[in-house]
Amino acid sequence: MTETTNEPTRKANSGIKTYIIYALAVLILSYGFTYIKNIWSFNGQFKNIESALAVPVSEEEWQSDPAAELTDWGTFWAALPQDQVQIISIDPTQGALMAIFKDMAVHFGQPASAAQTAEAIKKAQQENPENETLKKMAVNDFNWHKQAALAKKIGWLEFMQMDPIARQNYLATINYKASLPVNARGLIIFSTEQLNGIVHCGNLPGESNNGITKVITQLWDKKRDIIQDVTLTCQSENLEKSMAVFKSILASISYEGKDTAGLVQQVQSCFDKVKTMDKFRQIKITQPADSQPQEQAETQPAGQPEQQ
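Taking the numbering used here, the leading residue of the sequence shown gets 61, the next gets one more, and so forth.
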């Protein structure tokens with residue numbers, strides 16, 4: 061009688077164990093499927109940008125050439141190899157100082173205040189709330205841009221362990237870095253006695269640019285709220301030689317005794333200084349025509365909206 065009575069109990073216990081095992085298996089499989097799906101989705105975000113994040117990045121300390129003669133360009137100081145300069149001009153729309161050499165051109169954006177530029181962008185966004193380009197514009201500091209330059213693909217677990225703000229910032233930096241074709245040849249994060257800078261070493265030659273390469277540099281004064289963009293343009297085959305000259309120019313830039321103002325005032329100060337230079341009397345100097353340079357905010361680098 062005892063064995064007969066216990067048999068249904070054993071069967072019931074066995075059935076409960078089966079259901080528990082089944083439920084655990086379903087739970088594990090469901091978790092595993094979700095985990096794999098999330099990793100797959102995470103990796104999918106990098107499908108088209110992983111190579112852009114893997115470009116070489118170097119960090120360097122630069123020293124200016126003590127023998128180089130600094131020239132006052134009205135709104136900044138810089139040493140240009142004057143025997144190589146063929147034309148000095150000022151862009152009539154953006155007010156940039158243009159130095160044309162035999163094999164390259166250097167475009168100096170006017171120095172600006174990061175705080176004033178950010179305020180101008182904010183105002184433009186408020187006045188044009190539907191403008192998608194303006195929505196993406198921002199002015200971030202050197203540390204943010206350095207973080208973006210160094211950004212690489214990370215693992216799923218590391219990504220998930222980030223707090224929401226850090227995760228959002230990480231996504232912003234990788235999207236920004238991947239969006240810039242001028243990063244194709246790599247990046248240089250450099251420091252001089254007075255400046256921090258990042259060189260975006262140029263886009264690869266292609267049908268769309270006729271073999272022309274642009275190298276865009278962002279500069280931040282270490283002590284004051286001054287930012288500036290400087291761009292090198294040359295044929296790809298001349299890039300190595302042009303970069304040697306370009307680096308020497310960047311290493312010499314200084315804002316000693318200079319203050320930022322509105323773009324119109326900056327351009328006028330620049331032109332007034334350049335037109336009196338004896339050493340450039342034989343060089344064509346052009347001034348903006350009747351049109352005044354536009355008072356507009358420039359984002360980093362060279363008009364590229366940052367992804368936030």
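Quick reminder that beta carbons are idealized off the backbone N, C-alpha and C, glycines included.
- Per the C-alpha coordinates, the member of Ile248, Gln176, Asn243, Ala128 positioned closest to Ala321 is Gln176.
- When Cβ pairs closer than 8 Å are counted between the two stretches, the region 162-174 is seen to touch the region 132-148, the count reaching three or more.
- In the structure shown, Phe219 falls within a helical segment according to DSSP collapsed to helix, strand and coil.
- Gly134 and Ile214 have their C-alpha atoms roughly 45 Å apart.
- Bridge partners of Gln207 according to DSSP: none are assigned.
- The alpha-carbon of Gln154 is positioned some 44 Å away from that of Trp216.
- Short of 7 Å from the beta carbon of Glu110, and not among the five residues preceding or following it, lie these beta carbons of its own chain, in chain order: Lys213.
- With a cutoff of 8 Å on beta-carbon distance, Ala156 and Ala139 are scored as not near each other.
- The continuous alpha helix (DSSP H) containing Ile234 extends over residues 224-238.
- The alpha-carbon separation between Phe202 and Ala209 amounts to approximately 10 Å.
- Annotation for Arg284: Tyr315 place their beta carbon closer than 8 Å to its own, counting only its chain and skipping 5 residues before and after.
- DSSP, reduced to helix, strand and coil, places Ile109 outside both helices and strands of the structure shown, so it counts as coil.
- When only Cα atoms are considered, Trp122 and Pro189 end up about 42 Å apart.
- For Glu121, the enclosing beta strand (DSSP E) begins and ends at 117-121.
- No Cβ-Cβ contact shorter than 8 Å links Lys195 with Gln207.
- Take Glu119, set aside five residues on each side of it, and the residues of its chain with a beta-carbon closer than 7 Å to its own are Ile249, in chain order.
- A residue is called buried when at least 16 other Cβ atoms come within 10 angstroms of its Cβ; Ala180 meets this threshold and is buried.
- With contacts defined by Cβ atoms closer than 8 Å, Ala114 and Lys237 do not form a contacting pair.
- Within the same chain, and ignoring the five residues on either side of Thr233 in sequence, the residues whose Cβ sits closer than 8 Å to its Cβ are Trp204, Gln207, Ala208, Ala211.
- Counted as a single uninterrupted DSSP element, the stretch harbouring Lys318 is not any alpha helix (DSSP H), since DSSP gives it neither H nor E.
- Taking the CA atoms as reference points, Asn191 sits about 14 Å from Ala198.
- Secondary-structure assignment with DSSP links Ala156 through no beta bridge to anything.
- Beta-bridge annotation (DSSP): Gln176 is not paired with any residue.
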